[in-house]
């Protein structure tokens, strides 16, 4: 839709204060143990979830670009570029201000919200100052508290998203690290459709079920603001092997998800423990999502170059495509057949070993939260 030649999504971004944000995963579960709930690293349970502004409703929103708040004219960083963090788990208002609370407590305490943005949040966060999410410390704590979710190769991680305001919408995508740290991202072979050149690209998992929104609109969706029961399900590559270890827990991987917001990207990291499929109760992904598209979404996979530029498909769409095949259904009674939900297959290259998981009529993954 256009308003005097200006796309609505662009207009919303221009009119919305740059200091407001956005969306975060407040609850996480894996397909292997529905009794274990995790959270996005950096999540703070004390932050209220009933408002749209920056303070206090966006204090723990994880941003994956530096500075975490786009600089305005009053900032010393005005007109300077923001840097995308290819690695690490981002930062939020809490981590950025932690340094200034200690280094200049009186000045910080007297500053109003605008001044805090100009002087602190709109300036680059520095790892040496402890202003990024301390993923190692938090993951170790989660391991000690048995809060690291469990999933299997070819399984899934389900995240309950809280959209604070307009540009905290979907879609979301995710990448994985086998060493349990937010770096050295899992790669797959990819063939350029034009040159036929084969190379290794960072694997981006595109969910079967996603938070409503469009990448071309930069994840802007005003009607989604303050929705707390939106879910996204990230399929796990069947060939993934996890080698990380925290507090005695082995086979830990790191998942990092993000959307396409210009003020972001917004997202975060989720550690999870990889369990053999034979050692966990696996269920099909059947989840109801608010305002889901009428047509079921196809499972699509994006391969990415080392510099994290996305690879478009031959038609120039946002993501690379993959072929899908229909799932074979077992014979059922007429009543059962009416209640069955056909699931689309995950990536052909990854889920060839998962045929035994199809047609599980006892799936209750949508009831985990």
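In mature numbering (1 follows the signal peptide of the UniProt record, and there is no 0), the protein residues as written are -21 to -1, 1 to 348.
Where a beta carbon is used, it is the ideal one built from N, C-alpha and C, also for glycine.
In this text the structure is predicted, and so the values were computed from the model without any measurement.
According to DSSP, residue 153 shares a beta bridge with 184 and 236.
Here residue 34 is exposed: its Cβ has fewer than 16 other Cβ atoms, across all protein chains shown, within 10 Å.
Close CB contacts of residue 165 within its chain, under the 8 Å cut and outside five residues either way in sequence, are with 154, 155, 156, 157, 181, 182, 216 and 219 (chain order). A Cβ-Cβ separation of about 6 Å places residue 19 in contact with residue 249 under the 8 Å criterion.
DSSP places residue 78 in the uninterrupted alpha helix (DSSP H) bounded by 72 to 82.
When rounded, the separation of the alpha-carbon atoms in residue 96 and residue 239 is 22 Å.
With distances taken between CA atoms, residue 23 lies nearest to 247 out of 247, 53 and 194. For the set 119, 189 and 114, the Cα lying nearest the Cα of residue 68 is the one of 114. Residue 85 and residue 77 have their C-alpha atoms some 13 Å from each other.
Looking from the CA of residue 93, the closest CA among 53, 177, 71 and 107 belongs to 53. Shown here, residue 229 sits in a strand according to DSSP, grouped into three states. For the set 87, 190, 226 and 71, the Cα lying nearest the Cα of residue 210 is the one of 190. Beta-bridge partners of residue 62 (DSSP): 45. Looking only at 57, 160 and 90, the smallest Cα-Cα distance to residue 251 is reached by 160. Taking 7 Å as the cut-off, the beta carbon of residue 130 is found no closer than this to the beta carbon of residue 45. In the DSSP annotation of this structure, the continuous segment of the beta strand (DSSP E) that includes residue 136 starts and ends at 135 to 142.
Here the C-alpha atom of residue 233 lies approximately 10 Å from the C-alpha atom of residue 118.
When rounded, the separation of the alpha-carbon atoms in residue 242 and residue 42 is 9 Å.
For residue 252, there is no enclosing alpha helix (DSSP H); the residue is part of the beta strand (DSSP E) that begins and ends at 246 to 253. The criterion of a C-beta distance shorter than 7 Å is not satisfied by residue 79 and residue 63.
For residue 119, the enclosing alpha helix (DSSP H) covers residues 114 to 123. By DSSP's assignment, residue 167 forms a beta bridge with 180.
Per DSSP, the beta-bridge partners of residue 212 are 137 and 188.
In this structure, residue 50 sits near residue 101, with a CB-CB distance shorter than 7 Å.
A direct Cα-Cα distance of roughly 7 Å separates residue 141 from residue 5. Its chain contains 118, 119, 122 and 231 as the residues whose beta carbon lies nearer than 6 Å to that of residue 225, once the 5 sequence neighbours on both sides are disregarded; these appear in chain order. One thing to note: residue 112 has its Cβ within 7 Å of the Cβ of residue 21. Between the C-alpha atoms of residue 106 and residue 245 there is a straight-line separation of about 19 Å. Nearest C-alpha to residue 110 among 88, 138, 72 and 133: 72. Here the C-alpha atom of residue 175 lies approximately 29 Å from the C-alpha atom of residue 235. Each residue's CA atom was taken as its position, placing residue 28 and residue 36 some 6 Å apart. At a Cβ-Cβ threshold of 7 Å, residue 13 and residue 135 do not count as neighbours. Judged by DSSP secondary structure, residue 129 falls outside any alpha helix (DSSP H) and instead within the beta strand (DSSP E) spanning 128 to 130.
CA-to-CA, the gap between residue 229 and residue 66 works out to about 22 Å.
Collapsing the DSSP output to three states places residue 6 in a strand.
By the Cβ neighbour-count rule, residue 184 is buried, with 16 or more other Cβ atoms within 10 Å of its own.
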